[in-house]
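Protein sequence lines correspond, in order, to chains Y and X.
With the first letter of the first sequence counted as 1, position 48 gets the number 47 in numbering that gives the first Met the number 0; the numbers rise by one all the way through.
With the first letter of the second sequence counted as 1, position 33 gets the number 32 in numbering that gives the first Met the number 0; the numbers rise by one all the way through.
Glycine included, each C-beta is placed from N, C-alpha and C at the ideal position.
Computed from a prediction, not measured in an experiment: that's the story for all the values here.
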Amino acid sequence: MADEVRFTRNVAEVLRAFLDDVNEPRYGFELMQRTRLPSGTLYPILARLEEAGWLQSAWEKIDPSQAQRPARRFYRITAEGAQIARLELAALSTRLRPPTARGRLRPEGGQA
Amino acid sequence: MKALALVVLGFFGGLAAAAIADLAKLGAILLGFLGSTVAVAAGDLISQEVRARLDRLPHAVLYLAIRRLPVELRADVGKEWQAELDQILHRENLYPVTRLIMGLYFAVDLLRTPASMADSLARARNHELEPDTRSWTWRSIWRRYDDLITVATYFVAFVAVGGALGWLAKSIGMPTLPIVLGLVFLMLTSMSLAAFGGFQYVVSAGKPSTISAAKTKVATAFTGLAILIGAAFGYAF
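(1) How big is the Cα-Cα spacing for X:Ala-117 and X:Asn-92?
(2) Sort X:Leu-72, X:Ala-41, X:Phe-32 and X:Gly-162 by Cα distance to X:Ala-114 and report the nearest one.
(3) Alpha carbon to alpha carbon, how far is X:Leu-44 from X:Val-96? Give it in angstroms, no decimals.
(4) Quick one: measure Cβ to Cβ for Y:Phe-73 and Y:Ser-56, integer angstroms, because I've assumed they're closer than 8 Å.
(5) Would you verify that the beta carbon of Y:Ser-64 is, or is not, closer than 8 Å to some beta carbon of chain X?
(6) From X:Met-101 to X:Gln-81, what does the alpha carbon distance come to, in whole angstroms?
(7) Leaving out the 5 sequence neighbours to the left and right, which residues in its chain are closer than 8 Å to Y:Tyr-42 when beta-carbon positions are compared?
(8) Between X:Ala-74, X:Ile-171 and X:Gly-162, which has its C-alpha nearest X:Ala-231's C-alpha?
(9) Taking a Cβ distance cut-off of 8 Å, strictly less, list which residues of the stretch 78-89 of chain X are near chain Y, in chain order.
(10) Taking Cβ-Cβ distances shorter than 7 Å, what residues in chain Y pair up with X:Met-116?
(11) Have a look at Y:Arg-33, Y:Glu-59, Y:Pro-24 and Y:Asn-22 and flag the residue whose alpha-carbon is nearest the alpha-carbon of Y:Ala-11.
(12) If you measure beta-carbon to beta-carbon, which residues of the stretch 25-41 of chain Y are closer than 8 Å to chain X?
(13) How long is the line joining the alpha carbons of X:Thr-112 and X:Phe-32, rounded to whole angstroms?
(14) Compile a chain-ordered list of the residues in the stretch 68-102 of chain Y whose CB is closer than 9 Å to at least one CB of chain X.
(15) Look at the alpha carbon of X:Val-37 and the alpha carbon of X:Leu-30, and state the distance between them as a whole number of angstroms.
(16) Quick check on Y:Glu-12 - is its C-beta less than 8 Å from some C-beta in chain X?
(17) When burial is assigned at 16 or more other CB atoms within 10 Å of the CB, is X:Ile-65 buried or exposed?
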């Protein structure tokens, strides 16, 4: 199932937010703020990651009348998700790394 | 408190002076005072009414977004989205209008969640969805052709806008106006879509992973084309 998730930039942003602290549960709106993704983009990604088993979700355990707000659903990255996310982010970082000296621009006729 | 006392004192002092000067003026002043009091009270009531209705607007939009989900998921996902919207609308460090805009943005954007999200959620959370192949219900049609329906809806909307522009041009007797307006709209939409990535929604119907720069360009051209077609029709008829 996990291989069905395409590692796009938005997916990377979401997983990056979870990797900041793998034990910290994250909420939808909090993730929107951290990733700057709109709700219509974020929730489908969360659904795909949850389906793939990279994320787990559960309801917040609060008493709504005491907290004076409804309980929220929180998401947590799984061990498998964290491992794959780290590998994928590292691979992405390698792909996006600036070129080495060999590929740099140099003056016309010049030598690197 | 002192200021209020001074205002009241000044008002009654003025009244007394006016009474001495002319009784008709006194009546006019009293009427003006009553009128302004009623106007202020009515304004306050209207403002409260508008505020209450505006506060409900994001919830109303969210309701529509939730209605797009399969019945089996509405309670679960709806509860989650309502809780997030509640948090947005009750943030203490933001002004009311900002909160309203953020709440609306949250709710409106959820209107474009793709049908595939429901399938993913159903599988992840062990919900049994009604099979698509059973009948040609609106839901099954939407789940199969959501991309196509979204693009078609935008196309029709843009043709309608173009048509209105063409009709307007005909009414004011400026034959070149539809073309000019169509091109201006094409340019404006291209610029705005390039700036905000809005047309990605049309192309991808909420699947950001499928977006490519080429598709975005094609979609932008498609918008302009739709407006020009609409403008031509509007002018012709």
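On the basis of the coordinates in this document:
(1) 34 Å
(2) X:Leu-72
(3) 18 Å
(4) 7 Å
(5) no
(6) 14 Å
(7) Gly-27
(8) X:Gly-162
(9) Lys-78, Glu-79, Trp-80, Gln-81, Ala-82, Glu-83, Asp-85, Gln-86, Ile-87 and His-89
(10) Tyr-42, Pro-43 and Ala-46
(11) Y:Arg-33
(12) Tyr-26, Gly-27, Phe-28, Met-31, Pro-37, Ser-38, Gly-39 and Thr-40
(13) 55 Å
(14) Arg-68, Pro-69, Ala-70, Arg-71 and Arg-72
(15) 10 Å
(16) no
(17) buried
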